[in-house]
Structures are given as structure tokens and as C-alpha cells.
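*Asks:*
Residue numbers (the working numbering): 1305 to 1529.
Spelled out as C-alpha cells, the structure:
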């Protein structure tokens, strides 16, 4: 997994997987090297010589190998709802997040993560193609912010007064929701701080912000905002 000193990983998928490992109480050793998997993605894990790529496939592997299931006790209906929210965050909300991070990497929050201007330009060129192919970059920034906010509002509305997404104990979906909130709050582009940063979440979505703090205390208590 990829880590940055003093804070969780820049990648929400790495945060998601690490959060799952923490909640499931699975011991692990975290790599500080940025090495992509055979699929060209992070995170990935290695267990007894077997390499598994993609955060969700890693979680499924861990569930099978270690006999842990954070969703134990959920009904079929609850499991379906949790799955839908997880997919919304992992497969849809991600693209909003990626747009504001990588479509035009000039923000000082992210510039420091690139070793050179050449590498930064390569990332911009790659994401320009990827985000256009996916379709998100064909919208205006205002429209993407609208989609972004609607996703978070849906999460807050479903969360309501519950401690965690599905009730009194954290489940798999909390790993994804928390990961994207953490990636947002720790690494918000300065240009969009008022529209999507910590202040925005705290003021406009207070229940979601309180939820984030609960999850942070549970999984990353030593990290400071």
C-alpha cells in the first residue's frame, strides 16, 4: 500500500483496505514503496507468496483466508444496500475525486507528491484521456461538484442518526465511505476547499463529519487533521 508520512495514503483505495485490516484486526506490514500490482493498480497485498490486486478482491481474499466477515449479521436487504453504497463510492464517486485531483495538477496540495514536472505532466496527460473516456471531465466543474455533493448527501441521509452506516458496528461499506471522506478531508485541492473540503463537510453535512471523526478515532487515532 502507498503511504504518506504523517497522514493516511493519498489513495482512497489504500485507505479503504487498511481500514478493513484495522477493523478486522488482521496484522499486516505496510510498504512505503510505490510499486504497482500486475494490474497496474494500488493497493495490492502479498500473502505467503500469493499476490492479490484491487482493494475489493484483497478484502474478499482476506475474508476467505482468515474467516472474518464485517457484514456478519446483516440481512439480505441490508447487504444489498451496503453493496450499493460501496459501489457508488468505489466506482462512481471516485471519478469526481480523481477529476479534482489529477485533471489539471497545479494545486500545491498535490504538486508536492510528484518528484518532477515531467512526472506530473505524464499524470495529467494520462488522466485527461481516462477522465474523458469515462465521461466525468465532459461536465463543467460546477456540474461535477453537484454530482459530488449529491453523493455525499445521499450517504448522510442514509446514515441519519446511526453510529455507522449499517448500525452500531462498522461493516465493509464503512471502509469505503470513510476512505473517500479521509481522502477528501486530508487532501482537498485549495481551490475547492470551500466547496468540498473539511469546512464544507463540517458545516453542510455535520452528521457525516461526526461519522468521519468516529471512524478516524477508531482506525487512525494518531493522525491529526
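Every residue, glycine too, gets a C-beta built ideally from N, C-alpha and C.
1. Taking one C-beta from the segment 1517 to 1526 and one from the segment 1480 to 1492 each time, how about it: are there three or more such pairs within less than 8 angstroms?
2. Give me the residue from 1463, 1399 and 1433 with the minimum Cα distance to residue 1452.
3. Could you tell me the distance, in whole angstroms, from the CA atom of residue 1464 to the CA atom of residue 1353?
4. Just checking my contact of residue 1343 with residue 1358 at CB under 8 angstroms: how many whole Å lie between their CB atoms?
5. List the residues that DSSP assigns as beta-bridge partners of residue 1354.
6. Taking the beta carbon of residue 1401 as the centre, do at least 16 other beta carbons fall within 10 Å, making it buried, or is it exposed?
7. Do the CB positions of residue 1477 and residue 1386 come within less than 8 angstroms of each other?
8. Could you tell me the alpha carbon to alpha carbon distance between residue 1516 and residue 1486, rounded to whole angstroms?
9. Give a yes or no on whether the C-beta atoms belonging to residue 1314 and residue 1491 are separated by under 8 angstroms.
10. Between which two residues does the alpha helix (DSSP H) containing residue 1385 stretch?
11. Please classify residue 1389: is it buried, with 16 or more other beta-carbons within 10 angstroms of its beta-carbon, or exposed?
12. I'd like the ranges of any alpha helix (DSSP H) spanning at least 4 consecutive residues and lying wholly in the segment 1397 to 1474.
13. Straight-line CA distance for residue 1441 to residue 1435?
14. Mapping DSSP to helix, strand and coil, what is residue 1373?
15. Report the three-state DSSP secondary structure of residue 1524 (helix, strand or coil).
16. Using the C-alpha atoms, what's the distance from residue 1502 back to residue 1333?
17. Is residue 1356 buried or exposed, if buried means 16 or more other CB atoms sit within 10 Å of its CB?
18. My assumption, with CB atoms under 8 angstroms, is that residue 1373 sits in contact with residue 1380. Please give the rounded CB distance.
19. Can you tell which of 1330, 1423, 1488 and 1439 has its C-alpha closest to the C-alpha of residue 1365?
20. So, are the CB atoms of residue 1378 and residue 1475 less than 8 angstroms apart?
21. Determine the DSSP secondary structure at residue 1366, reduced to helix, strand or coil.
22. Under 8 angstroms by Cβ, that's how I've got residue 1509 and residue 1457 pegged, so tell me the actual separation to the nearest angstrom.
*Replies:* Inspection of the coordinates gives the following:
1. Three or more Cβ pairs drawn from the segment 1517 to 1526 and the segment 1480 to 1492 lie within less than 8 angstroms of each other, which places the two stretches in contact.
2. Counted from its first residue, the chain shown places residue 1452 at position 148. Comparing Cα-Cα distances from residue 1452 to each of 1463, 1399 and 1433, the minimum goes to 1399.
3. For the purposes of this step, residue 1464 is taken as residue 160 along the chain shown, with counting starting at 1. For the purposes of this step, residue 1353 is taken as residue 49 along the chain shown, with counting starting at 1. For residue 1464 and residue 1353, the gap between their C-alpha atoms comes out near 43 angstroms.
4. Taking the first residue of the chain shown as position 1, residue 1343 is located at position 39. Taking the first residue of the chain shown as position 1, residue 1358 is located at position 54. 7 angstroms between Cβ atoms; contact.
5. Within the chain shown, residue 1354 is the residue found at index 50, counting from 1. For residue 1354, which the question treats as bridged, DSSP gives the partners 1351.
6. One-based indexing of the chain shown puts residue 1401 at position 97. Residue 1401 is buried by the Cβ-count criterion.
7. By 1-based counting over the chain shown, the position of residue 1477 is 173. By 1-based counting over the chain shown, the position of residue 1386 is 82. The answer is yes: Cβ separation under 8 angstroms.
8. Within the chain shown, numbered from 1, the residue matching residue 1516 stands at position 212. Within the chain shown, numbered from 1, the residue matching residue 1486 stands at position 182. In a straight line, the C-alpha of residue 1516 is about 7 angstroms away from that of residue 1486.
9. By 1-based counting over the chain shown, the position of residue 1314 is 10. By 1-based counting over the chain shown, the position of residue 1491 is 187. Yes; because the gap between Cβ atoms is below 8 angstroms, this pair is in contact.
10. To locate residue 1385, count along the chain shown from 1; it is residue 81. Per DSSP, residue 1385 belongs to the alpha helix (DSSP H) from 1380 to 1391.
11. Residue mapping note: residue 1389 aligns to position 85 of the chain shown, counting from 1. The C-beta of residue 1389 has 16 or more other C-beta atoms within 10 Å across all chains shown, which makes the residue buried.
12. With a minimum length of 4 residues, the continuous alpha helix (DSSP H) runs that stay inside the segment 1397 to 1474 are 1398 to 1406, 1412 to 1415, 1421 to 1438 and 1445 to 1463.
13. In the chain shown, counting from the first residue as 1, residue 1441 sits at position 137. In the chain shown, counting from the first residue as 1, residue 1435 sits at position 131. Those two C-alpha atoms are separated by around 5 angstroms.
14. One-based indexing of the chain shown puts residue 1373 at position 69. The three-state reading of DSSP puts residue 1373 in coil, since its state is none of H, G, I, E or B.
15. By one-based count along the chain shown, residue 1524 stands at place 220. Residue 1524 carries a coil assignment under DSSP once its states are collapsed to helix, strand and coil.
16. Within the chain shown, numbered from 1, the residue matching residue 1333 stands at position 29. Within the chain shown, numbered from 1, the residue matching residue 1502 stands at position 198. Approximately 30 angstroms, taken between the alpha carbons.
17. Counted from its first residue, the chain shown places residue 1356 at position 52. It is buried - the Cβ of residue 1356 has at least 16 other Cβ atoms within 10 Å.
18. Here residue 1373 refers to the residue found at position 69 when the chain shown is read from its first residue. Here residue 1380 refers to the residue found at position 76 when the chain shown is read from its first residue. Here residue 1373 is actually not in contact with residue 1380; their C-beta atoms are around 14 angstroms apart, not less than 8 angstroms.
19. Taking the first residue of the chain shown as position 1, residue 1365 is located at position 61. Cα-wise, what sits closest to residue 1365 is 1330.
20. If you number the chain shown from 1, residue 1378 lands on position 74. If you number the chain shown from 1, residue 1475 lands on position 171. Between residue 1378 and residue 1475, the C-beta spacing is below 8 angstroms.
21. One-based indexing of the chain shown puts residue 1366 at position 62. DSSP, reduced to helix, strand and coil, places residue 1366 within a helical segment of the structure shown.
22. What you label residue 1509 is simply residue 205 of the chain shown in a count that begins at 1. What you label residue 1457 is simply residue 153 of the chain shown in a count that begins at 1. Going by Cβ atoms, the distance from residue 1509 to residue 1457 rounds to 7 angstroms, so yes, they are a contact pair.
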